[in-house]
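Working notes for the structure below.
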């Protein structure tokens, strides 16, 4: 089995930052028979642990199927999106590759990937997978990808900081007004260099939950913008008011947190009590602090409005298949092995930091996983008691567009209205491509 890997930093969010450490390679095979099937598998990983287990399960597959050569090409998310865009534009797409919800929509719409419905339920049986994650891997009603993990929106909450400040933990269902009031109380209780919640104005998922609390959404099911300009203006105004009441850090302090790196976050650095993110980063945060961290829902409404569970579960990483691959049946068998073969699934998931999308896999993790794993699974189970509509596909680059506008407000260069207009121009231009 040969391996071609880029030497790049791996993290977007999740585990301990590696800062450009070299990726380990498996031994290169010296020669291959002419009739070997060569399968290119390109993707992104969240951590060294995920990379290690992914390579391990692919090596195990080739040991059991010596006629198959798998060429993994894994890197971090940002480098991967550039790489896959270049390769697909040049007609050189890998046989199989990773997608998130937004990448899936783009490549399915362009005909780069192929529907997988003919392989469901045999040999790919998704009957006990989180339905919201399965739906999020569909486009135009067809199953274009197989979800590899289960994640959901959450507030990583430092329960120890709440106790130290003498502030009561919020109820399960709470309002956006209550979040602002709670966050602002920390600055008074713990001093001027401590804030209740890190700035999430540039974060796509909480913005979508905010919009859904207003009866809208970032995108619609038919891939259009699902909100009015005043809704986005309200989002940026919400975070600007939090800066003014010292519930969230000013722009220069928030910049210290970097991009989704737990090690530089306010929670780990001891300057914030809450971080709005996704469940797949929880273990990475907890590993870096002795404080007791818990997962909590974001607000689900506004005072006087409808309170309803609006948090969707979905897959942060799914696998799709190139429409032009001559090896589609082999690709499907690799996916089957990674997900459904007992030895393959154990190798792929245990120690990877990923939470399986299947109920059987989550049940196994609940019994044998770490305390952080169990907290994540318990939280995802809470979200499934009242499942929310799925996350609808958008466009790549959402975080950058939201962040540029949010930072414009934070540094006094834009008003919330101007920030909303800028964001809408950028995302509308991307939708037209």
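Numbering (full-length UniProt numbering), first residue to last: 1 to 433.
Even glycine gets a Cβ: it sits at the ideal position worked out from N, Cα and C.
Source: prediction; values computed, not measured.
Practice task
Can you grab the Cα-Cα spacing for the pair residue 370 / residue 402, in whole Å?
Solution key: 34 Å
Problem - Bridge partner(s) assigned by DSSP for residue 438 - result: The first residue shown for the chain is 1 and the last is 433, placing residue 438 beyond what the model contains.
Practice task
May I ask you to report which of helix, strand or coil DSSP gives residue 69?
Solution key: strand
Practice task
Taking only runs that begin and end inside the stretch 90 to 136, name each unbroken beta strand (DSSP E) of 3 or more residues, in chain order.
Solution key: 96 to 99
Practice task
Put residue 300 into one of helix, strand or coil per three-state DSSP.
Solution key: coil
Problem - Length of the line joining the Cα atoms of residue 426 and residue 59 - result: 42 Å
Problem - Residue interval of the beta strand (DSSP E) (run including residue 187) - result: Residue 187 -> not in any beta strand (DSSP E); alpha helix (DSSP H) instead, spanning 176 to 190.
Practice task
Pull up the distance between the alpha-carbon of residue 287 and that of residue 204, whole angstroms please.
Solution key: 25 Å
Problem - Length of the line joining the Cα atoms of residue 246 and residue 397 - result: 29 Å
Problem - Top-ranked residue by Cα proximity to residue 410, from 377, 253, 154 and 196 - result: 253
Problem - residue 213 (DSSP reduced to helix, strand or coil) - result: helix
Handout entry: Pairwise C-alpha distance: residue 232 and residue 418
Key = 10 Å
Handout entry: Nearest-angstrom Cα separation, counted from residue 111 out to residue 85
Key = 13 Å
Practice task
Report yes or no: do three or more beta-carbon pairs, one from the stretch 328 to 338 and one from the stretch 236 to 244, lie closer than 8 Å?
Solution key: no
Problem - Given residue 250 as reference, the closest of 168, 149 and 195 once Cα atoms are compared - result: 195
Exercise for the section: Could you check which residue in 391, 421 and 44 has the C-alpha nearest to that of residue 218? Expected result: 391
Problem - Same chain only: Cβ atoms within 6 Å of residue 179, ignoring 5 sequence neighbours per side - result: 299
Practice task
Using DSSP bridges, identify the partner residues of residue 321.
Solution key: 96
Problem - Three-state secondary structure assigned by DSSP to residue 362 - result: helix
Practice task
Note down, one range per segment and in chain order, each beta strand (DSSP E) of at least 3 residues found wholly within the stretch 240 to 291.
Solution key: 272 to 278
Problem - Distance CB(residue 434)-CB(residue 316) smaller than 8 Å - result: The structure shown has nothing for residue 434, since the chain only spans 1 to 433.
Exercise for the section: Thinking residue 105 and residue 394 are a contact (beta carbons under 8 Å), I'd like their distance in whole angstroms, please. Expected result: 7 Å
Exercise for the section: Flag this pair as touching only if the stretch 321 to 330 and the stretch 88 to 102 have three or more C-beta atom pairs under 8 Å; answer yes or no. Expected result: yes
Problem - Counted within 10 angstroms of its Cβ, other Cβ atoms place residue 1 as buried (16 or more) or exposed - result: For residue 1, the predicted model reports a pLDDT of 38, less than 50, meaning its position is unreliable and no value from the coordinates is stated.
Problem - Range of the contiguous alpha helix (DSSP H) that encloses residue 147 - result: Premise fails: residue 147 lies in the beta strand (DSSP E), 145 to 147, not in any alpha helix (DSSP H).
Practice task
Using alpha carbons as the reference points, say which of 383, 127, 117 and 148 lies closest to residue 139.
Solution key: 117
Practice task
Report yes or no: do the stretch 273 to 284 and the stretch 210 to 229 share at least 3 C-beta pairs separated by less than 8 Å?
Solution key: no
Problem - 8 Å Cβ cutoff met for residue 148 and residue 318 - result: yes
Practice task
Report yes if the C-beta distance between residue 229 and residue 421 is below 8 Å; otherwise report no.
Solution key: yes
Exercise for the section: Put residue 169 into one of helix, strand or coil per three-state DSSP. Expected result: coil
Exercise for the section: State the Cα-Cα distance for the pair residue 307 and residue 37, rounded to the nearest angstrom. Expected result: 54 Å
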